[in-house]
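A quick write-up on the structure given underneath.
Protein chains: 2
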Amino acid sequence: MIKLNKTTEYGLMALRHMSRKYLLDPTGVTSAREIADSYGLPFEITAKTLQRLKETGIIQSAHGAKGGYTLQRALTEVSLGEFLQLMEGPQSIVACSGDVDHASLECGYAYRCEIKSWMNQLNLRFFHFLSSIQLAELQEGPIQLTEFKRESFIK
Amino acid sequence: MIKLNKTTEYGLMALRHMSRKYLLDPTGVTSAREIADSYGLPFEITAKTLQRLKETGIIQSAHGAKGGYTLQRALTEVSLGEFLQLMEGPQSIVACSGDVDHASLECGYAYRCEIKSWMNQLNLRFFHFLSSIQLAELQEGPIQLTEFKRESFIK
DNA sequence: TCATATACGATAAATTATATCGTATATGAC
DNA sequence: GTCATATACGATATAATTTATCGTATATGA
Numbered sequence: 062m063i064k065l066n067k068t069t070e071y072g073l074m075a076l077r078h079m080s081r082k083y084l085l086d087p088t089g090v091t092s093a094r095e096i097a098d099s100y101g102l103p104f105e106i107t108a109k110t111l112q113r114l115k116e117t118g119i120i121q122s123a124h125g126a127k128g129g130y131t132l133q134r135a136l137t138e139v140s141l142g143e144f145l146q147l148m149e150g151p152q153s154i155v156a157c158s159g160d161v162d163h164a165s166l167e168c169g170y171a172y173r174c175e176i177k178s179w180m181n182q183l184n185l186r187f188f189h190f191l192s193s194i195q196l197a198e199l200q201e202g203p204i205q206l207t208e209f210k211r212e213s214f215i216k
Numbered sequence: 062m063i064k065l066n067k068t069t070e071y072g073l074m075a076l077r078h079m080s081r082k083y084l085l086d087p088t089g090v091t092s093a094r095e096i097a098d099s100y101g102l103p104f105e106i107t108a109k110t111l112q113r114l115k116e117t118g119i120i121q122s123a124h125g126a127k128g129g130y131t132l133q134r135a136l137t138e139v140s141l142g143e144f145l146q147l148m149e150g151p152q153s154i155v156a157c158s159g160d161v162d163h164a165s166l167e168c169g170y171a172y173r174c175e176i177k178s179w180m181n182q183l184n185l186r187f188f189h190f191l192s193s194i195q196l197a198e199l200q201e202g203p204i205q206l207t208e209f210k211r212e213s214f215i216k
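Chain order of the listed sequences is W and B. Quick note on our numbering: the first sequence kicks off at 62 and runs consecutively. Quick note on our numbering: the second sequence kicks off at 62 and runs consecutively.
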């Protein structure tokens, strides 16, 4: 029903990494390689994730030998709702939403829909819920103790 | 990011239909054919949807010539959270959740995960939100005025 | 000029969701 | 009993989406 896509998930991992690092050294720069190695993610996927994060404006990039990524916005100013929209685009719990008054082709088969206005209302309540969650919460948790041997998880 | 699957969506349409019909005539029975014709859904898909709904225990079925489906539980007693779990199984915003203390193979590549406990916490908060929504809200909305010519939507 | 980084489009692979088909079973009316 | 009407349900095909991979371009500092 409800699942973050992997890019979003890896994006959250990267943001936690960068924000905790920032607390220790605000001038630090983080490369895709560093994230990939820290968590055992494939480099290519990590690089894509960071490029996506950069497109959202939450982090910024610098090319070249001493390049890498740095935070551009404070995570206290970004809600989970905004983050999901930035990462995955404007979305809805149903395909047809967006226009409360009229059904559309995207409803699929149904040529008549009685639940649309409720769905739209739900959508708003859901987004309100997501907007109440600050991304800064990411920084709070303890460092996870679990660490596995890498070979177990590489195919 | 977050989208109901079609079966769940059609299920909500069917529940609204049945619950409003129940208000007018508590002894009434609803067939898959009636739902399909009322909203322009393909019969086979509607039938599957109603069978799924029946498996959840929210409606019950009767075979035979005067058969069909009737509500088994009051919609005031079913939350959206419970409904989604019944229709789509226990789910989580991330693949790896379920066990707060240990990462698992389902995390995918990552052999170390720093966001897992936050994800699990989010999951609980999200489910709490969904549980605060009564399925009975479905009955409330006005009858939708939009109705399209059927031929526009049949491929 | 070389090593290191990001940029980014194209495409392949895998997964999941959706739709379709066929056949079985139950029931009421006649 | 048989016929029309309904649900039951597994198997499978199709479509859609997500995820992963590849190749190449561009930028920068030593």
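Glycine included, each C-beta is placed from N, C-alpha and C at the ideal position.
In terms of CA proximity to T131(B), T91(B) leads the group K64(B), C174(B), I194(B), T91(B).
I96(W) has its alpha-carbon roughly 10 angstroms from the corresponding atom of Y71(W). In this structure, Y100(B) and R173(W) form a Cβ contact; the two beta carbons are roughly 5 angstroms apart against a cut-off of 8 angstroms. Per DSSP, the continuous beta strand (DSSP E) segment holding S122(W) begins and ends at 120–123.
Between the C-alpha atoms of R81(W) and N66(B) there is a straight-line separation of about 37 angstroms. Beta bridge pairing from DSSP links L132(W) with I120(W). When beta bridges are read from the DSSP output, Q195(W) appears opposite S140(W).
L145, Q146, M148, E149, G150, Q152, S153, I154, V155, A156, C157: these are the residues of the stretch 142–157 of chain W whose beta carbon lies less than 9 angstroms from some beta carbon of chain B, given in chain order. Contacts with chain B at 8 angstroms (Cβ-Cβ) include I176(W). 8 angstroms or more divides the Cβ of I176(W) from the Cβ of L85(B). DSSP places D86(W) outside any alpha helix (DSSP H), giving it a letter other than H or E. For the set R113(W), E138(W), G150(W), the Cα lying nearest the Cα of S193(W) is the one of E138(W). The beta carbon of V155(W) sits closer than 6 angstroms to the beta carbons of M180 from its chain, once the five residues preceding and following it are set aside; these are given in chain order. Non-local C-beta neighbours of L183(W) in its own chain, meaning closer than 7 angstroms and more than five positions away in sequence, comprise I154, ordered along the chain.
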